[in-house]
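Just so it is clear: in the sequence shown, position 99 is 99 by UniProt numbering, and no numbers are missing. Just so it is clear, CB atoms sit at the ideal spot from N, CA and C, and this is done for glycine as well. Fair warning: this is a prediction, and the values are worked out from it, not measured in the lab.
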Amino acid sequence: MPNTRLIYIEMIPRGQETEMMGFYFFCGRGFTWIPPLVFTIMNEAGIRSNWGLATMSFWFAVGCCTLQMMGSFESAVEHSRKMDPSLNKKILGNDHEKLNSTSIDMSKL
């Protein structure tokens, strides 16, 4: 979970930290109960568990489709840094060469 937050924080434009973290926590805590609720309702209605588990696959597919619609991490970080050029100086201490050596390689995750 901390890695997810770190990646998300890297993409947040300066000045919108509170708003975006509120949205992050709302989605994380507000929508995680929907798939188990659907499964429970189907189970209590007498529908076989096989169909309930099939709905779990549906939610997984929806998540994968949503993930495919997202842009790349690198472009999000670049956009965030373009919105506030002083951010590089504050984070990296005026050493812009550090930017390339400290960036996260998403292909290894």
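With 16 other Cβ atoms within 10 Å as the buried cut-off, status of Phe-39: buried
Residue-chain proximity (Met-21, chain C), Cβ-Cβ < 8 Å: Protein chains in the displayed structure number just one, and chain C is not present.
Presumed contact (8 Å Cβ cut-off) between Ile-7 and Ser-80, rounded CB distance: About 12 Å; that fails the 8 Å criterion.
CA-to-CA distance, Lys-82 to residue 114, given in whole angstroms: Lying before the first or after the last residue shown, residue 114 is absent from the chain, which here runs from 1 to 109.
Within 8 Å, strictly: CB atoms of Met-56 and Pro-35: yes
Neighbourhood of Trp-59 by C-beta, 7 Å cutoff - its chain only, sequence neighbours within 5 removed: Pro-35
Distance between Ala-54 and Thr-4 (C-alpha atoms, nearest Å): 27 Å
For Val-62 and Glu-10, believed in contact at Cβ under 8 Å, the rounded distance: Not quite, the Cβ-Cβ distance comes to about 25 Å (not below 8 Å), so this is no contact.
Terminal residues of the alpha helix (DSSP H) in which Ser-72 lies: Taken as a continuous stretch (DSSP letters only), Ser-72 belongs to no alpha helix (DSSP H), as it is neither H nor E.
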